[in-house]
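Same order as they appear, the protein sequences are chains R and G.
Using our numbering, the first residue of the first sequence is number 4, and each one after it goes up by one.
Using our numbering, the first residue of the second sequence is number 87, and each one after it goes up by one.
Virtual Cβ for every residue (Gly too), placed ideally from N, Cα, C.
What you are looking at is a predicted structure, and each value in this text was computed from that prediction instead of being measured.
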Amino acid sequence: MKLTIGPVLFNWSPETWRDFHFRIADEAPVDRVVVGEVVCSKRTPFYAEHLPVVAERLAAAGKEVAFASLALVTLERERRAIAELAADNAILVEANDVSALRPLAGRPHLIGPFINVYNEATVQWLGARGAQGICVPPELPATSIATIAAAGGVPVEVFAFGRVPLAISVRCYHARVHGIHKDNCRFVCDQDPDGMLVETLDREPFLTVNGLQTMSYRCASLIGDVPLLRTSGVASLRLSPQSCDMVSVARVFRDVIDGRMEAGAGQEALAALFPLAPFSNGFLHGRAGVERVTVQ
Amino acid sequence: MELICPAGTPAAFRQAVDAGAHAVYCGYRDETNARNFPGLNFSHAEMRESIAYAHARGAKVLVAINTFPRAGGLDLWHRAVDEAVDAGADALILADIAVLDYAARRHPQQRLHVSVQAAAANPDSIRFYMEAFGAARVVLPRVLSVAEIAAITRAVAPCETEVFVFGGLCVMAEGRCSLSSYVTGQSPNMNGVCSPASHVTYREDATDLVSRLGDFTINRFAQSEPAGYPTLCKGRFATGRMQGYIFEDPVSLDAAELLPALRKAGVAALKIEGRQRGRAYVESVVRSFREALAAMDAGQPIVSPGLLSLTEGQSTTQGAYRKTWR
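Have a look at this one:
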């Protein structure tokens with residue numbers, strides 16, 4: 004199984020964003036890195052100047068680079084950005100909204116986890132139009148993943164590490180919680196590099212907010228499910244960046260996949276690397292996503 | 087503008103037609119439709135009878151087959167499409183690419199509508215569905231302002247646009263939300279349910295009523311407060327800066343006063359949410375909106391139908407139709 008570093012979903016400072024990718028390029032044992040803004044188009048200008056040099060450094064290090072498109076597209080400038088991305092034949096685009104499928108039809112591209120892909124017929128339809136890889140939605144159970152992979156044609160990627168993106172809105176909850184308007188948001192989402200904690204009224208940690216996006220509080224970790232993922236025919240695992248040491252996270256996954264480390268030791272290593280929240284893997288087992296299912 | 091009304095039962099269906107609905111939308115009693123609630127929806131025979139009832143009275147029927155098929159289980163969705171076409175549905179409301187593809191290839195004459203669950207929020211997405219599957223109409227997600235709706239409607243003609251004007255309000259982009267399955271294992275996309283009643287519990291804590299979904303507290307009501315259903319995104323939560331309705335207040339959509347603006351925007355159809363609601367709701371909302379449309383046609387001011395008592399919240403909103411909602 005291959006490893007992919009997903010796009011940074013949070014609003015990190017441009018320098019942090021750049022240096023994160025430099026280190027991934029130089030040190031992380033991953034095959035593909037997806038860059039670009041998925042959540043909020045207002046963030047794009049901040050790190051745009053670093054994007055070419057980051058892509059170059061990743062490619063020079065032997066990583067395949069893909070450019071993610073925005074998940075929720077409503078504005079003219081967002082549509083133009085996708086048109087420009089899709090018009091450049093030299094780059095590999097990961098589509099996160101069906102609006103990107105039109106300009107990409109007939110040429111190689113990837114399908115991101117924000118496009119609704121739930122069954123083998125949809126995957127094959129997309130494959131016939133040029134999709135060369137699909138990161139399925141995080142809520143998909145292993146039974147569905149196995150059926151999709153068995154149908155063949157398009158390599159399947161599964162969201163295997165990181166807080167799980169659960170919903171997207173045009174309303175910015177960071178701005179709402181700060182009592183300010185979205186159009187004058189002052190980019191307050193940059194205060195929470197791993198998302199803003201949302202607790203229940205019993206003060207139980209529940210969700211996190213990342214601007215327009217709502218995410219899980221718990222961190223997905225499928226490190227204990229590597230055998231199941233392998234028998235399900237999964238081609239690659241997606242590690243979604245958190246502000247922890249993602250190079251080490253990637254190494255742990257690589258070691259467990261390659262049999263150099265036991266899954267239990269891997270889980271312990273990940274817990275030390277990401278102490279912010281407990282892990283979950285319920286979606287993969289067809290249960291509530293928040294659950295943690297122990298694989299015997 | 088066409089008024090599209092919900093029906094969760096044959097009785098509500100007849101009520102909607104009798105009250106003046108131009109079209110009724112409904113679905114089969116299984117996981118193929120996005121309101122797959124216990125005790126709701128139509129058997130194949132009931133659907134056929136209902137379609138005949140509507141057609142005899144000049145109303146159309148739109149059959150919603152708008153969940154995303156389980157891998158390995160597409161037959162159920164294919165059968166629903168074939169059955170609805172054979173029963174004489176005026177249009178099918180579909181969301182999944184594979185189901186759209188099947189319907190377009192197998193039944194090229196059948197009129198297809200893109201469900202709100204497909205989250206087609208811009209002209210490029212809508213053109214994708216038009217070109218790939220011949221979509222004749224798109225139900226717009228509740229994330230757009232009236233100005234954006236007008237621009238989209240102009241851009242995608244001859245494809246028609248349909249918008250929600252009344253009822254429950256998703257604050258997240260529809261069809262792109264797994265909050266419910268994160269907590270309960272059941273989602274709108276996969277199972278046609280959100281925050282299912284099977285996972286709801288209520289508990290009394292001193293004088294408060296605590297509502298829970300799965301293992302999480304969604305809200306807490308003092309004795310003096312009306313207790314709402316614990317739909318996940320409408321709950322009260324806490325952050326370091328704010329405690330309360332983080333995502334959305336317990337409000338329902340009421341866009342009656344925006345009818346003239348929506349007509350000017352070129353919208354073809356107005357949709358009322360609420361297939362899970364009873365006959366009384368359907369009757370009152372349909373009648374009120376027919377009156378509002380008549381008032382508009384007569385050049386009179388539109389008065390909000392005053393249906394607060396019928397909403398699921400304690401107040402109403404115009405939602406994303408007003409840009410400040412964001």
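(1) Using a C-beta cutoff of 9 Å, does P312 (chain G) count as contacting chain R?
(2) Beta-carbon separation of P17 (chain R) and V41 (chain R) under 9 Å?
(3) Looking at the unbroken beta strand (DSSP E) that takes in Y220 (chain R), where does it start and where does it end?
(4) List, in chain order, every chain G residue whose beta-carbon is nearer than 7 Å to that of I151 (chain R).
(5) Comparing C-alpha positions only, which one of R:V36, R:S243, R:Y220 sits nearest to E294 (chain R)?
(6) Name the two residues that bound the continuous alpha helix (DSSP H) containing T247 (chain G).
(7) For a contact defined as C-beta to C-beta under 7 Å, what are the partners of A84 (chain R) on chain G?
(8) Applying the 10 Å Cβ sphere with the 16-neighbour rule, what's the burial state of D91 (chain R)?
(9) Leaving out five residues on either side along the sequence, give the residues of the same chain with a beta carbon under 8 Å from the beta carbon of A406 (chain G).
(10) Going straight from the alpha carbon of L204 (chain R) to that of Q245 (chain R), what length do you get?
(11) Return yes when the Cβ of A283 (chain G) is within less than 9 Å of the Cβ of F123 (chain G), no when it is not.
(12) Please report the residue range of the alpha helix (DSSP H) in which E79 (chain R) lies.
(13) With a CB to CB cut of under 8 Å and the five nearest residues on each side skipped, what residues in its chain are close to A381 (chain G)?
(14) Can you confirm whether R306 (chain G), when its beta carbon is compared against all beta carbons of chain R, has any partner nearer than 9 Å?
(15) Pick helix, strand or coil for V259 (chain R), following the three-state DSSP scheme.
(16) Select from the segment 181-209 of chain R all residues with a C-beta closer than 9 Å to any C-beta belonging to chain G, and list them in chain order.
(17) So, under 8 Å CB-CB, D100 (chain R) and S211 (chain G) are touching, yes? Tell me the CB distance rounded to an integer number of Å.
(18) Comparing alpha-carbon positions, which option in G:D340, G:A170, G:L318, G:T239 lies nearest F128 (chain G)?
(19) Tell me, please, whether the CB atom of A74 (chain R) is closer than 9 Å to any CB atom in chain G?
(20) Rounded to a whole number of angstroms, what is the C-alpha to C-alpha distance between F117 (chain R) and R121 (chain G)?
(21) Report the CB separation of N119 (chain R) from F154 (chain G) in whole angstroms; it is logged as a contact under 8 Å.
(22) For F162 (chain R) and chain A, any beta-carbon pair shorter than 9 Å?
(23) Would you report the Cα separation of C263 (chain G) and G214 (chain R), rounded to the nearest angstrom?
(24) So, using beta-carbon positions, are V126 (chain R) and L113 (chain R) closer together than 9 Å?
(25) Would you mind sorting S401 (chain G) into buried or exposed? The rule is 16 or more other CB atoms within 10 Å of its CB.
(26) Along chain R, which residues have their Cβ under 9 Å away from the Cβ of N275 (chain G)?
(27) In the DSSP assignment, the beta strand (DSSP E) including P92 (chain G) goes from what residue to what residue?
(28) Starting from the C-beta of A241 (chain G), find all residues in its chain whose C-beta is less than 6 Å away, skip the five residues before and the five after it, and write them out in chain order.
(29) Apply the 10 Å Cβ neighbour rule to N187 (chain R) and answer buried if 16 or more other Cβ atoms are within range, or exposed otherwise.
(30) Verify the CB distance criterion: does G9 (chain R) have a CB-CB separation below 9 Å to chain G?
(31) Does the beta carbon of V293 (chain R) sit closer than 9 Å to a beta carbon anywhere in chain G?
(32) Can you look up Y176 (chain R) in the DSSP assignment and give me helix, strand or coil?
(33) Taking Cβ to Cβ, would you say G364 (chain G) is nearer than 9 Å to A102 (chain G)?
(34) When we look at the beta-carbon of V139 (chain R) and count the other beta-carbons within 10 Å, is it buried (16 or more) or exposed?
(35) Taking just the CA atoms, how far does G385 (chain G) sit from I183 (chain G)?
(36) If you drop the 5 nearest sequence neighbours on each side, which residues of the same chain put their C-beta closer than 6 Å to that of M328 (chain G)?
Put simply:
(1) Start at 1 with the first residue of the second sequence, and residue 312 (chain G) comes out as number 226. No - not a single Cβ of chain R is within 9 Å of the one on P312 (chain G).
(2) Taking the first residue of the first sequence as 1, we reach residue 17 (chain R) at position 14. Taking the first residue of the first sequence as 1, we reach residue 41 (chain R) at position 38. Going by C-beta atoms, P17 (chain R) is not nearer than 9 Å to V41 (chain R).
(3) In the first sequence, residue 220 (chain R) corresponds to position 217, counting from 1. Element bounds for Y220 (chain R): 216-224.
(4) The residue you call residue 151 (chain R) lines up with position 148 of the first sequence. Residues of chain G passing the Cβ test: A157.
(5) By one-based count along the first sequence, residue 294 (chain R) stands at place 291. The candidate whose alpha carbon is nearest that of E294 (chain R) is R:Y220.
(6) Along the second sequence, read from residue 1 onward, the residue named residue 247 (chain G) stands at position 161. Here T247 (chain G) belongs to no alpha helix (DSSP H); instead the beta strand (DSSP E) covers 246-253.
(7) Taking the first residue of the first sequence as position 1, residue 84 (chain R) is located at position 81. Within chain G, no residue comes near A84 (chain R); the closest Cβ sits about 12 Å away, beyond 7 Å.
(8) For the purposes of this step, residue 91 (chain R) is taken as the residue at position 88 of the first sequence. So D91 (chain R) ends up on the exposed side.
(9) Position 320 of the second sequence, counted from the first residue, corresponds to residue 406 (chain G). Within the same chain, A406 (chain G) has close Cβ partners R228, V229, L230, S231, R412.
(10) The sequence position of residue 204 (chain R) within the first sequence is 201, counting from 1. The sequence position of residue 245 (chain R) within the first sequence is 242, counting from 1. For L204 (chain R) and Q245 (chain R), the distance between alpha carbons rounds to 26 Å.
(11) On the second sequence, position 37 is the one that residue 123 (chain G) refers to. On the second sequence, position 197 is the one that residue 283 (chain G) refers to. Contact flag set, yes.
(12) Walking along the first sequence from the start, residue 79 (chain R) turns up at place 76. Start and end: 79-90.
(13) Here residue 381 (chain G) corresponds to residue number 295 of the second sequence, with the count starting at 1. Within the same chain, A381 (chain G) has close Cβ partners P387, I388, V389.
(14) Taking the second sequence and counting its residues from 1, one reaches residue 306 (chain G) at position 220. Yes, R306 (chain G) counts as interfacial toward chain R.
(15) Locating residue 259 (chain R) in the first sequence gives position 256, counting from the first residue. It is helical.
(16) H181, G182, H184, K185, D186, M199, L200, V201, E202, T203, L204, D205, R206, E207, F209
(17) Here the question's residue 100 (chain R) lines up with position 97 in the first sequence. Here the question's residue 211 (chain G) lines up with position 125 in the second sequence. 7 Å between Cβ atoms; contact.
(18) For the purposes of this step, residue 128 (chain G) is identified with residue 42 of the second sequence, where counting begins at 1. Selected option, being the one with the closest Cα: G:A170.
(19) By one-based count along the first sequence, residue 74 (chain R) stands at place 71. By this cut-off, A74 (chain R) is an interface position.
(20) Along the first sequence, one-based indexing puts residue 117 (chain R) at 114. Along the second sequence, one-based indexing puts residue 121 (chain G) at 35. The alpha-carbon atoms of F117 (chain R) and R121 (chain G) are separated by roughly 22 Å.
(21) The residue labelled residue 119 (chain R) in the question sits at position 116 within the first sequence. The residue labelled residue 154 (chain G) in the question sits at position 68 within the second sequence. Confirmed, about 6 Å.
(22) The structure shown has no chain A; the protein chains it does contain are R and G.
(23) Sequence index remark: in the second sequence, residue 263 (chain G) carries index 177 (1-based). Sequence index remark: in the first sequence, residue 214 (chain R) carries index 211 (1-based). Going from the Cα of C263 (chain G) to the Cα of G214 (chain R) covers about 15 Å.
(24) Within the first sequence, residue 126 (chain R) is the residue found at index 123, counting from 1. Within the first sequence, residue 113 (chain R) is the residue found at index 110, counting from 1. Cβ distance not < 9 Å, so V126 (chain R) and L113 (chain R) don't count as in contact.
(25) Locating residue 401 (chain G) in the second sequence gives position 315, counting from the first residue. Exposed: under 16 other Cβ atoms inside 10 Å.
(26) Here residue 275 (chain G) refers to the residue found at position 189 when the second sequence is read from its first residue. What N275 (chain G) touches in chain R: N119, Y121, P140, E142.
(27) Residue 92 (chain G) sits at position 6 when you count from the first residue of the second sequence. Segment 88-92, the beta strand (DSSP E) holding P92 (chain G).
(28) As a position in the second sequence, residue 241 (chain G) is number 155, starting the count at 1. Closer than 6 Å at the Cβ level, and outside the excluded window around A241 (chain G), lie P209.
(29) Position 184 of the first sequence, counted from the start, is the residue given in the question as residue 187 (chain R). Burial call: exposed.
(30) By 1-based counting over the first sequence, the position of residue 9 (chain R) is 6. For G9 (chain R), the answer is no, since every Cβ of chain G falls outside 9 Å of its Cβ.
(31) Sequence index remark: in the first sequence, residue 293 (chain R) carries index 290 (1-based). Yes, V293 (chain R) lies at the interface with chain G (some Cβ there is under 9 Å from its Cβ).
(32) Here residue 176 (chain R) corresponds to residue number 173 of the first sequence, with the count starting at 1. Note: Y176 (chain R) maps to helix in three-state DSSP.
(33) Taking the first residue of the second sequence as position 1, residue 364 (chain G) is located at position 278. Taking the first residue of the second sequence as position 1, residue 102 (chain G) is located at position 16. No, the Cβ-Cβ distance between G364 (chain G) and A102 (chain G) is not below 9 Å.
(34) What you label residue 139 (chain R) is simply residue 136 of the first sequence in a count that begins at 1. Flag for V139 (chain R) reads buried.
(35) If you number the second sequence from 1, residue 183 (chain G) lands on position 97. If you number the second sequence from 1, residue 385 (chain G) lands on position 299. Near 42 Å, if we compare the C-alpha coordinates of G385 (chain G) and I183 (chain G).
(36) If you number the second sequence from 1, residue 328 (chain G) lands on position 242. Nothing listed; no residue qualifies.
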